[in-house]
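In terms of the numbering used here, the sequence shown opens at residue 20 and continues consecutively.
Ideal placement from N, C-alpha and C gives every residue a C-beta, glycine not left out.
Data block below; observations after.
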Amino acid sequence: MSRAGDTAIAAEVQHRRTVVVDVILLLMRNGRILLRERANTGYGDGAYEPPTGQLADRETIVETAIRVAAAEAGIAIRAENVSLAHVMHDVSGSGRIAFFLTVSGWQGEHTEPAPPGARWFPVGNLPTNMLDRSRVALRNYAEGMRFSTYPAFGPAGTGGPARPGARHWATPWQDAFSA
Numbered sequence: 020m021s022r023a024g025d026t027a028i029a030a031e032v033q034h035r036r037t038v039v040v041d042v043i044l045l046l047m048r049n050g051r052i053l054l055r056e057r058a059n060t061g062y063g064d065g066a067y068e069p070p071t072g073q074l075a076d077r078e079t080i081v082e083t084a085i086r087v088a089a090a091e092a093g094i095a096i097r098a099e100n101v102s103l104a105h106v107m108h109d110v111s112g113s114g115r116i117a118f119f120l121t122v123s124g125w126q127g128e129h130t131e132p133a134p135p136g137a138r139w140f141p142v143g144n145l146p147t148n149m150l151d152r153s154r155v156a157l158r159n160y161a162e163g164m165r166f167s168t169y170p171a172f173g174p175a176g177t178g179g180p181a182r183p184g185a186r187h188w189a190t191p192w193q194d195a196f197s198a
């Protein structure tokens, strides 16, 4: 004798969605942000984005941030220096959730040329060859948004969400990171 619902439960479990979780570090210094040039990833190679890594099995978001800081920026950070800046749900592909984190301080000094492909850019003059989702998330964070969806849903041609009183991103971006 079989129990009612066994088949329905098994079918439902098979269709659960797996979402990739990205951890992205916003490392700022003297009005500049550290960006890395993507290489050998198969997506967006040659474009810039902040140091990024995927959440590994049984790893916390902060543990991922610590790992990414060491591997992609050559710095050591402490858990207590990590803060949530922005969360983005990227629905442009199969689905991703990105946690953008700020770091209030670190040990070591990232200076060029190491690690390869990393450069400091003025926050008001980001490279034109930057991943669009990163650029959108940085703009949204600077405008005070804690959560956004990519691609942004709003009036046609705005490139962003419909928000009353939203300002052009360059000024708030500079205001948000002037320290």
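In chain order, what residues of the same chain have a beta carbon less than 7 Å from the beta carbon of residue i, not counting five sequence neighbours either side?
i, result
"PRO170", "SER111"
"VAL87", "VAL42, LEU44, PRO70, THR71, GLY72"
"ALA58", "ASP64, GLY136"
"ALA75", "THR83"
"PHE140", "ARG51, ILE52, LEU54, PRO146"
"ASP201", "What is shown of the chain runs 20 to 198, which leaves residue 201 out entirely."
"ARG154", "LEU145"
Please state whether DSSP places residue i in a helix, a strand or coil.
i, result
"TYR160", "helix"
"GLU131", "Low per-residue confidence applies at GLU131: pLDDT is 45, beneath 50, and the placement is therefore not dependable, though the value from the model is reported in the following sentence. DSSP places GLU131 in coil when its eight states are reduced to three."
"GLY173", "Model confidence at GLY173 stands at a pLDDT of 48, short of 50, so the residue's coordinates are unreliable; what they give is reported in the following sentence. If DSSP states are grouped into helix, strand and coil, GLY173 belongs with coil."
"ARG152", "helix"
Relative to the C-alpha of residue i, which residue among the options is closest?
i, options, result
"GLY114", "ASN159, TYR160, ARG152, ALA88", "ARG152"
"ALA161", "ASP41, MET47, VAL42", "MET47"
"VAL42", "GLY72, ARG154, LEU53", "GLY72"
"GLY124", "THR147, PRO146, PRO141, ILE96", "ILE96"
"ALA89", "GLY163, ARG154, VAL122, ASN49", "VAL122"
Cutting at 6 Å between CB atoms, please list the residues of its own chain near residue i, excluding the five before and the five after it.
i, result
"GLY176", "For GLY176, the predicted structure reports a pLDDT of 40, less than 50, and the residue's modelled location is therefore unreliable. The matter cannot be settled from this model."
"MET164", "none"
Only counting the same chain, and skipping five residues up and downstream in sequence, which positions put a Cβ closer than 8 Å to that of residue i?
i, result
"ALA201", "The question about residue 201 has no answer, for the chain in this structure spans 20 to 198."
"GLU56", "GLY65, ALA66, TYR67, GLY136, ALA137, ARG138"
"MET149", "LEU54, ALA66, TYR67, GLU68"
"ALA61", "The question names Ala, yet the displayed sequence has Gly at residue 61. Around GLY61: no qualifying Cβ."
Counting only C-beta atoms, is residue i closer than 8 Å to chain C at any point?
i, result
"ARG152", "In summary, chain C is missing from the structure at hand, where a single protein chain is found."
**Report entry** Three CB pairs or more closer than 8 Å across the region 113-127 and the region 34-54
**Finding:** Per the Cβ contact rule, the region 113-127 is in contact with the region 34-54 (3 or more Cβ pairs under 8 Å).
Query raised in the report: Any contact of the region 73-87 with the region 96-104, i.e. 3+ C-beta pairs under 8 Å?
Result: Yes: the two stretches touch, three or more of their Cβ pairs being nearer than 8 Å.
Requested in this report: Just list the alpha helix (DSSP H) runs in the region 65-97, keeping only unbroken ones of 4 residues or longer that don't cross its boundaries, in chain order.
Outcome: Listed in chain order, the alpha helix (DSSP H) elements of length 4 or more contained wholly in the region 65-97 are 80-87.
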